[in-house]
Amino acid sequence: ISLQIYTTRNFKPFVDVLNFISNSGIKNIELFGLETIDVNNLKKNINDFKITCKSSHVSFESLKDASTIIKSAKLLNIQHIIVPAPPKRGNKFEDYFSISEEEWISFGKQLSSYVSVFEDSGLTLGYHNHSFEFKPLSSGRLPIQCIMEHNDKLKFEIDLGWTIAGGADPINWINEYSNKIIACHLKDFFDKNKDMLNHQNQSPVGDGFIDWKVLISTIKKTNCELFILEHDDPSDYKRYVLRSIENLADI
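Counted from 1, the sequence shown has number 843 at position 63 by the working numbering; the numbering is strictly sequential.
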């Protein structure tokens, strides 16, 4: 079990967060914003707490300076570079829902064009979904299809909770992209009948309505390497982490 440290971004100091993570039994974290991190300082901290970083999110825009991303990844022994969204659009999350099919296709082609750059350095490049990639476009196609279809080697970090929030069955998409999946996000929600874009509806994994036994047993049939906890805005990240670990131990 790993933790996406976006979960803990509002809690300081970071060294205390790492101390808690290490003591909780989690030995791997997923970074975000690798392009903005002081990687030399981070390397010292994670080494002190015996924590690894096998993956990191980076902005799509940062790929223009791929050499810097690769250098940082190598320093931290990161294997997977993940783009978590298309270029920023407007000031609200909901603005992503207005992206046209042509724009999604263009984004998918551009993202795929960087795959070989990372592969040549021994790294993988992948995409992480939210809910908007599963909202049908006017043609009936889905944005996730427009993104993933241009390069067989583009990997996928499927966020199982966001997939459900988008109205899709994650089992179908695990099967569809079984050869692309290298990681998954475990995100749960208290109530499927309430707004799943509202972060207050996110629950510890196993305390919500999602059937994790079925999802985890299915995704274990793929090449998924990382099972990553994430909550977008917990009021108490320690309780979230410990409760999720407790619940997953029974699955």
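Heads up, the beta-carbon is just placed ideally off N, CA and C, and yes, glycines get one too.
Terminal residues of the continuous beta strand (DSSP E) containing residue i?
{"i": "K834", "result": "832–837"}
{"i": "N808", "result": "808–811"}
{"i": "E937", "result": "935–939"}
{"i": "K784", "result": "Checking the displayed sequence, the identity of residue 784 turns out to be Gln instead of Lys. Here the beta strand (DSSP E) through Q784 covers 782–784."}
{"i": "I858", "result": "No beta strand (DSSP E) holds I858; DSSP gives it neither H nor E."}
{"i": "I1031", "result": "Note, I1031: premise wrong, no beta strand (DSSP E); not H, not E."}
{"i": "T904", "result": "904–908"}
Exposed or buried, which one is residue i when buried takes at least 16 other CB atoms within 10 Å?
{"i": "G947", "result": "exposed"}
{"i": "E882", "result": "exposed"}
{"i": "H979", "result": "exposed"}
{"i": "E841", "result": "exposed"}
{"i": "P916", "result": "exposed"}
Given this structure, state the Cα-to-Cα distance separating residue i from residue j, to the nearest angstrom.
{"i": "I954", "j": "H908", "result": "13 Å"}
{"i": "S958", "j": "P866", "result": "22 Å"}
{"i": "Y894", "j": "L814", "result": "17 Å"}
{"i": "E956", "j": "K889", "result": "19 Å"}
{"i": "V1021", "j": "N820", "result": "27 Å"}
{"i": "W942", "j": "F873", "result": "13 Å"}
So, is the C-beta of residue i closer than 8 Å to a C-beta in chain B?
{"i": "A846", "result": "Among the chains in the structure shown there is no chain B, since it carries only a single protein chain."}
Please tell me whether, using a cut-off of 7 Å, the distance from the CB of residue i to the nearest non-hydrogen atom of the ligand SAM is below it.
{"i": "F912", "result": "With respect to the ligand SAM, the structure shown offers nothing to examine, as it has no ligands at all."}
Between which two residues does the alpha helix (DSSP H) carrying residue i extend?
{"i": "F800", "result": "794–804"}
{"i": "G888", "result": "881–893"}
{"i": "L843", "result": "Looking at the DSSP string, L843 is not in any alpha helix (DSSP H), and its letter there is neither H nor E."}
Shortest alpha-carbon distance to residue i belongs to which of the options?
{"i": "K993", "options": "A963, L940, N981", "result": "L940"}
{"i": "P950", "options": "I996, N1027, I785, I850", "result": "I996"}
{"i": "G834", "options": "A846, I806, L843", "result": "What sits at residue 834 in the sequence shown is Lys, not Gly. Among A846, I806, L843, the Cα nearest to that of K834 belongs to I806."}
{"i": "I861", "options": "I924, S901, E1026", "result": "S901"}
Do the segment 975–989 and the segment 1011–1029 make contact, defined as three or more Cβ pairs closer than 8 Å? yes
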